Amino acid sequence: MTATTRTLASGPGWHVADVICTAGAGDRPFEEAHQDFCVAAVTGGTFRYRAQQGTAMLAPGALLLGNSGTCYECGHEHGSGDRCLSFHFKPAYMERIVAGLPGASTLTFDAPRLPPLPALAPLLAEAEAARETGDSEAFEELGVRIAAAAVATISGATSIRRGPSRRDQKRVAEAVRRIELDADGPVSLSALAEETATSPYHFLRIFRQVAGMTPYQFLLKIRLHRAALRLRLSDDAISAIAFDAGFNDLSTFNRRFRRIMGETPSDYRARQSNGIAPRPKQAQSEVGPHQPGR
30 MTATTRTLAS
40 GPGWHVADVI
50 CTAGAGDRPF
60 EEAHQDFCVA
70 AVTGGTFRYR
80 AQQGTAMLAP
90 GALLLGNSGT
100 CYECGHEHGS
110 GDRCLSFHFK
120 PAYMERIVAG
130 LPGASTLTFD
140 APRLPPLPAL
150 APLLAEAEAA
160 RETGDSEAFE
170 ELGVRIAAAA
180 VATISGATSI
190 RRGPSRRDQK
200 RVAEAVRRIE
210 LDADGPVSLS
220 ALAEETATSP
230 YHFLRIFRQV
240 AGMTPYQFLL
250 KIRLHRAALR
260 LRLSDDAISA
270 IAFDAGFNDL
280 STFNRRFRRI
290 MGETPSDYRA
300 RQSNGIAPRP
310 KQAQSEVGPH
320 QPGR
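Here the sequence shown stands for residues 30 to 323, numbered as in the working numbering.
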């Protein structure tokens, strides 16, 4: 085999994979099929992609676009190997994303790729960082945002910037309470959207408008706040606090806590125990509002 595929995260109707291909000029391309809709961010190498919509050369920063149930072929006559972050969506899930985009009326991609666009660079960097840090819970939101950006760009749809309605504010308030109740477990974007009778993209957009951050960022804020309180008020093991707060491993908790609080959990606990005043924080909070970011 010339390609290895590692699933990074998945949920009902979607999954994301890290695809590493080692094919070179001497390897003959063979036809494959997209089982679902595919939006793949190229993060390394180059390759030729031939699909029903046409043929294109893809390079880092480009998005491969694949329609569900169609055949495609990749070739590496100009260089060996590539790596992609490949987001896959079942047709029903993709329909819900498109439904939340004003002006987007078609589900199929009519182009084989999007070239590296400056407007997409921050978002793709965020997705690649999630891959490198193993932040699996971030991928559903990232996938929805990347797919919506691809659909909007291809279809020429524009986002209508209007303030959230009272109904949308109520939906977000209900979702906030739901996240608070279930912060120690997995919280699915699609489930939150379904509970508020909206599409994933529309829900994500109104949540950011009302709450000032994405649902996943809010979830992290709740988890870290509760962990910090417990560090102050108990002598429980840091690993137990991390797992009870909803973090899957201690290293992820330590990294996030240090980035947000400016120090490690153990240093934070020791300082609080000794009554030392907090040190000034230099970096912006990770869970604050986003910067415009196969």
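C-beta atoms are modelled at their ideal positions from N, C-alpha and C, and glycine is treated no differently.
Remember, predicted model here, so these are calculated numbers, not experimental data.
Applying the criterion that 16 or more other CB atoms from any shown protein chain within 10 Å of the CB defines a buried residue, is residue i buried or exposed?
i	result
Glu102	exposed
Ser118	A quick correction: the sequence has Phe, not Ser, at residue 118. By the neighbour-count rule (16 or more Cβ atoms within 10 Å), Phe118 is buried.
Ile189	With a pLDDT of 49 at Ile189, under the threshold of 50, the predicted position of this residue should be treated as unreliable, though the coordinate-derived value follows. Exposed, since its Cβ has fewer than 16 Cβ neighbours within 10 Å.
Thr72	buried
His107	exposed
Asn277	exposed
Leu258	exposed
Leu262	exposed
Thr33	exposed
Phe59	exposed
Arg26	Examination of residue 26 is not possible in this model, given that the chain is present from 30 through 323 alone.
Asp111	buried
Pro131	exposed
Gly83	exposed
Thr135	exposed
Pro294	buried
Thr227	buried
Ala85	buried
Asp197	buried
Ala148	exposed
Pro215	exposed
Ala158	exposed
Does the distance from the CB of residue i to the CB of residue j come in under 8 Å?
i	j	result
Gly40	Glu169	yes
Leu92	Arg142	yes
Asp68	Ile175	One detail in the question is off: residue 68 reads as Val in this sequence, not Asp. Result yes, Cβ atoms of Val68 and Ile175 sit closer than 8 Å.
Pro145	Gly90	yes
His63	Thr99	yes
Gly51	Ser109	Here residue 51 is Thr; the residue named in the question, Gly, does not match the sequence. Yes, these two residues count as a Cβ contact at 8 Å.
Arg206	Glu224	no
Leu210	Pro244	no
Ser184	Ala133	yes
Val180	Ile126	yes
Arg77	Gly55	no
Arg252	Ala274	yes
Ala70	Cys113	yes
Ala256	Ala266	no
Phe232	Leu248	no
Gln238	Pro193	yes
Ala269	Tyr230	no
Ser97	Asp65	yes
Leu260	Arg298	yes
Reducing DSSP to helix, strand and coil, say where residue i ends up.
i	result
Gly172	helix
Leu260	helix
His254	helix
Thr72	strand
Arg112	strand
Ser39	strand
Asp65	coil
Asp47	strand
Phe138	coil
Ser84	The residue asked about is misnamed: residue 84 is Thr in this sequence, not Ser. The answer is strand: DSSP assigns Thr84 an E or B state.
Thr281	helix
Arg287	helix
Glu166	helix
Leu146	coil
Arg160	helix
Leu130	coil
Ala271	helix
Ala32	strand
Glu155	helix
Glu102	strand
Arg77	strand
Measure from the C-beta of residue i to each C-beta in chain B and report whether the shortest distance is under 8 Å.
i	result
Pro144	Note that chain B does not occur in the displayed structure, where there is just one protein chain.
Next item on the list: With a floor of 4 residues, list each alpha helix (DSSP H) that falls wholly inside the stretch 181-252, ordered by position along the chain.
Entry: 195-210, 218-224, 229-240
Check: Are three or more beta carbon pairs between the stretch 162-177 and the stretch 201-210 nearer than 8 Å?
Finding: no
Check: Counting pairs of Cβ atoms below 8 Å between the stretch 138-157 and the stretch 119-128, do you hit three or more?
Finding: no
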